[in-house]
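In the UniProt record's numbering, the protein residues as written are 1 to 288.
Below, the structure written as structure tokens:
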């Protein structure tokens, strides 16, 4: 699935508007330079820098909640705000131009799951809004996805959000060097399905390090004691993706956005976790 994700980013040539193109062009050179520099950074230094940058990404995501309180806000408003924050902090939007992605962040609403470039469409009250934010310095990458509800949350929306959040915690609890990746995946699947929701099978979490996305792949479903061993010193991006309805996914006409083919809510929550000798260290903030 990691190869599928990477090839999808590399192969598609989506339609972009001028504003999206400007965002990509603005950061393309900086992102290329950052990638080259990170290749030469030691694993120990990458871990140290990840400890610094991951909480910053979490803080930026958390602050989006205030933006969503506005009566009128669009995905592109959120992107502009996040870019301002990253510029102030001298960080780069790692998603901008990544394999051709035509935006700096992903903004997916309601039945949309991931990889939707932000638009000028106003986000209505009651919507679930999933923000994907990837950032980098010249020494490490950080990435986190979080779903928010704009306005009052209905019981229906709270149920799927709480199910995915619980699954994220359950998955993180299984990050031990004595475990296998399948133990993490099984914990995620069990928590989501026990709440009456469904996991996404086509996309997954992944490792992070010298590359933004690297092995191992961490599925949202699996069997205990299967898959590669969890290795000390690895940074994992545990990513829970859940849907309200059991449905296939479909891609939008722009070639990027992924949605539930049968409607229903989609949510996503992720966190960066370092595998340690005694278990794990959560690098991201998961108290939003």
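C-beta: ideal position from N, C-alpha, C; glycine also.
Out of 50, 112, 24, the CA that lies nearest to the CA of residue 251 is found in 112. In this chain, residue 203 is not harboured by any beta strand (DSSP E), its DSSP state being neither H nor E. By the C-beta criterion, the stretch 49-60 is judged not to be in contact with the stretch 92-102, since fewer than 3 inter-stretch pairs fall below 8 angstroms. The continuous stretches of beta strand (DSSP E) do not include residue 89, and DSSP gives it neither H nor E. Given a length threshold of 3 residues, each whole run of the beta strand (DSSP E) inside the stretch 126-166 is given here in chain order: 128-136, 141-149.
Where residue 44 is concerned, there is no enclosing beta strand (DSSP E), although the alpha helix (DSSP H) around it starts and stops at 43-67.
For residue 159, the closest of 242, 246, 29 by C-alpha to C-alpha distance is 242.
Residue 267 is bridged by DSSP to 242. DSSP places residue 109 in the uninterrupted beta strand (DSSP E) bounded by 106-109. Taking C-beta atoms under 8 angstroms as the contact rule, residue 82 and residue 165 fail to qualify, at a distance of about 22 angstroms. A straight line joining the alpha-carbon of residue 168 with that of residue 145 spans about 11 angstroms. In this structure, the CA atom of residue 275 is about 30 angstroms from the CA atom of residue 258. Within the model, the alpha-carbon separation for residue 238 versus residue 280 is close to 12 angstroms. About 3 angstroms separates the CB atoms of residue 182 and residue 226; that is less than 8 angstroms, so the two are in contact. One Cα belongs to residue 202, the other to residue 248, and the distance between them is close to 9 angstroms. Rounded to whole angstroms, residue 223 and residue 266 show a C-alpha spacing of 23 angstroms.
When DSSP states are grouped into helix, strand and coil, residue 180 belongs to the strand group.
By the neighbour-count criterion, in which a residue is buried when 16 or more other Cβ atoms sit within 10 angstroms of its Cβ, residue 234 is buried. Looking only at 91, 284, 174, the smallest Cα-Cα distance to residue 33 is reached by 91.
Residues 74, 75, 76, 107 of the same chain have their beta carbon placed closer than 8 angstroms to that of residue 119, with the five preceding and five following residues left out of the count. Between the C-alpha atoms of residue 264 and residue 147 there is a straight-line separation of about 15 angstroms.
Between residue 175 and residue 236 the beta-carbon gap is near 6 angstroms, inside 8 angstroms, which marks them as a contact. Residue 113 has no beta-bridge partner at all, per DSSP.
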